[in-house]
Amino acid sequence: MVVRSGGRQIPVVVLAGFLGSGKTTLLNHLLHRSGGSRIGAVVNDFGAIEIDAMAVAGALGDSTVSLGNGCLCCAVDSSELDVYLERLARPEARIDVIVIEVSGLAEPQELVRMVLASEHPGIVYGGLVEVVDAAEFDGTRARHPEIDRHLGLADLVVVNKVDRAADAGRVLGLVRSLADRAAVVPATHGRVDPEFLFDCRPSEERVGQLSFDDLHRDGPDEHAGHLHTAYDSLSFTSGRPLDPRRLIRFLDSRPEGLYRIKGYVDFGPYDVRNRYAVHAVGRFLRFYPEPWTAGAERLTQLVLIGTDLDTAALRADLEACVGDGAPHADEEGMWGVLRYVQGAAEDPAA
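Dropping the structure here:
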């Protein structure tokens, strides 16, 4: 993330999906399995009784901003959204990630534009997550043909309720065909690994406050059967700088099933002052330059998470991204990386 005065920028994740897809269930799951991170939520109900906000507020308390009786993308503009984000981004709130759960009738493209247009210096867009109901997908698509466009915009698609779908495999295949390069994750009861959406802070970093993980300890075998046991992960470290052109070629062609990439990259002579935090969720990709701290060991450290990954092939591809050790860099070498730096990147909702 980008370092600013007073701390890091807070990623804002837009959580969308039509009515009944399971957005609130997914959000509540994230709250209870946040890995020690503190989540702030903007909950947008459509209707006078704010059922979703009530469901979430029981877990979040004063970390919830509720916008009732209206569609967020119609009810406020980007400057008004900044007012709500300000409440969650204040330093004393100690929020690590903000999730905007929008009404099932909202237009996700407009929400993404609003977050990107935000002038709040403490937040940064963190991607669009679209939730779909596997059991009702055909009916939803018939009633709301715009879902095809929504899937095409998403960075991560959660195909929820696969346990209730008689032909879950067909639905997953259809969603993947509509979702462009977005990662498509099957789920039941909204259970997805929080690491797909944001970096989880180790709970031991939080002092004097019980986290949701503390309240839901399962005992000595707590990891058995947990979500992360169903996914593959690869950790990659290099003491030699990576070549930016080679890395961008790798990232632009990352395989299906690779849901999440996070970590830091050293580009050596291409930028001797900064390391680059990388955050990828599905097709969403951003780099955040931040100054090297004095005396820090200059390493590239990446973690890749997904399903059915050929980890040996991925490791070989990353090894091929290591530079040749040239002491100088040409001025065009970083252009591909800068496409994905905040302020220089294209609008993903365009």
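Numbering (our numbering), first residue to last: 8 to 357.
We put the CB at the ideal spot given by N, CA and C, even for glycine.
Q) Ordered along the chain, which non-local residues of its own chain (more than five positions away) have a Cβ less than 7 angstroms from that of serine 44? A) The residue given as residue 44 occupies position 37 in the sequence shown. Spatial neighbours of serine 44 in its own chain (CB-CB distance under 7 angstroms, excluding positions within 5 residues in sequence) are listed in chain order as Asp103, Val104, Phe205, Cys207 and Arg208.
Q: Evaluate proline 152 with the Cβ neighbour count: other Cβ atoms within 10 Å of its Cβ, from every protein chain shown; 16 or more gives buried, anything less gives exposed.
A: Here residue 152 refers to the residue found at position 145 of the sequence shown. Exposed.
Q) Does any CB atom of chain D fall closer than 8 angstroms to the CB of arginine 280? A) Protein chains in the displayed structure number just one, and chain D is not present.
(Q) Three Cβ pairs or more, each shorter than 8 angstroms: is that satisfied between the region 126 to 139 and the region 34 to 49? (A) Not touching, per the Cβ criterion.
Q: Taking valine 192 as part of the beta strand (DSSP E), name the residues at either end of that continuous run.
A: Against the sequence shown, residue 192 aligns to sequence position 185. Boundaries of the beta strand (DSSP E) around valine 192: 190 to 193.
**Q.** CB contact flag (threonine 195, aspartate 174, <8 angstroms)
**A.** Here residue 195 is taken as the residue at index 188 of the sequence shown, counted from 1. Here residue 174 is taken as the residue at index 167 of the sequence shown, counted from 1. Against a cut-off of 8 angstroms, the Cβ pair of aspartate 174 and threonine 195 comes out as no contact.
Q | Nearest neighbour of tryptophan 2, chosen from Ile312, Leu311 and Asp278 [CA to CA] | A | Past the edges of the chain, shown from 8 to 357, lies residue 2, and the structure says nothing about it.
Q: Spatial neighbours of phenylalanine 294 within its chain, please: CB distance less than 6 angstroms, with the 5 preceding and 5 following residues excluded, ordered by chain position.
A: Translated into the one-based positions of the sequence shown, residue 294 becomes position 287. These residues qualify, in order along the chain: Tyr283, Val285, Val344, Tyr347 and Val348.
**Q.** histidine 196 - partner residues in DSSP beta bridges
**A.** The residue you call residue 196 lines up with position 189 of the sequence shown. BP columns for histidine 196 are empty, so no partner.
(Q) Less than 8 angstroms between the beta carbons of glycine 264 and aspartate 162, yes or no? (A) The residue labelled residue 264 in the question sits at position 257 within the sequence shown. The residue labelled residue 162 in the question sits at position 155 within the sequence shown. Cβ atoms of glycine 264 and aspartate 162: not closer than 8 angstroms.
Q | glycine 270, enclosing beta strand (DSSP E) - first and last residue | A | Working through the sequence shown from its first residue, we reach residue 270 at position 263. 265 to 272 is the span of the beta strand (DSSP E), which, as asked, contains glycine 270.
Q: Note the first and the last residue of the continuous alpha helix (DSSP H) segment covering serine 125.
A: Within the sequence shown, residue 125 is the residue found at index 118, counting from 1. Per DSSP, serine 125 is not a residue of any alpha helix (DSSP H), being assigned neither H nor E.
Q. How about phenylalanine 25 and threonine 147: are their beta carbons less than 8 angstroms apart?
A. Translated into the one-based positions of the sequence shown, residue 25 becomes position 18. Translated into the one-based positions of the sequence shown, residue 147 becomes position 140. Cβ distance < 8 angstroms, so phenylalanine 25 and threonine 147 count as in contact.
Q. Is aspartate 140 helix, strand or coil when you go by DSSP?
A. Position 133 of the sequence shown, counted from the first residue, corresponds to residue 140. Shown here, aspartate 140 sits in a strand according to DSSP, grouped into three states.
Q: Look up aspartate 337 in the DSSP assignment and say whether it is helix, strand or coil.
A: The sequence position of residue 337 within the sequence shown is 330, counting from 1. Aspartate 337 carries a coil assignment under DSSP once its states are collapsed to helix, strand and coil.
Q) Are glycine 29 and valine 138 close, meaning C-beta to C-beta below 8 angstroms? A) As a position in the sequence shown, residue 29 is number 22, starting the count at 1. As a position in the sequence shown, residue 138 is number 131, starting the count at 1. When the beta-carbon positions are compared, glycine 29 and valine 138 come within less than 8 angstroms of each other.
Q: Please name the residue, chosen from Leu34, Gly47, Leu33 and Thr314, that lies closest to alanine 100 on a Cα-to-Cα basis.
A: Locating residue 100 in the sequence shown gives position 93, where the first residue counts as 1. Residue Gly47 is the option with its Cα nearest to alanine 100.
**Q.** CB contact flag (leucine 135, valine 49, <8 angstroms)
**A.** To locate residue 135, count along the sequence shown from 1; it is residue 128. To locate residue 49, count along the sequence shown from 1; it is residue 42. Contact flag unset, no.
(Q) Spatial neighbours of aspartate 89 within its chain, please: C-beta separation below 8 angstroms, excluding the five flanking residues on both sides. (A) Taking the first residue of the sequence shown as 1, we reach residue 89 at position 82. Non-local beta-carbon contacts of aspartate 89 in its own chain, meaning distances under 8 angstroms to residues more than five positions away in sequence, involve Ser125, Glu126 and His127 in chain order.
(Q) Less than 7 angstroms separating the Cβ of glycine 42 from some heavy atom of the ligand GTP? (A) This structure lacks the ligand GTP, and indeed carries no ligand of any kind.
Q. Within 10 angstroms of its Cβ, does histidine 361 collect 16 or more other Cβ (buried), or is it exposed?
A. Residue numbering for the chain in the displayed model covers 8 to 357; residue 361 lies beyond these limits and cannot be assessed.
Q) For the candidate residues Leu118, Glu114 and Thr31, whose alpha-carbon lies nearest to that of valine 19? A) In the sequence shown, counting from the first residue as 1, residue 19 sits at position 12. That would be Leu118, whose Cα lies nearest to the Cα of valine 19.
Q. Buried or exposed: which applies to glycine 197, given that a residue is buried once 16 or more other Cβ atoms fall within 10 Å of its Cβ?
A. The residue you call residue 197 lines up with position 190 of the sequence shown. Taking all protein chains shown into account, glycine 197 has 16 or more neighbouring C-beta atoms within 10 Å of its C-beta and is therefore buried.
Q) Per DSSP, what kind of secondary structure is isoleucine 17 in: helix, strand or coil? A) Walking along the sequence shown from the start, residue 17 turns up at place 10. The three-state reading of DSSP puts isoleucine 17 in strand, counting E and B together.
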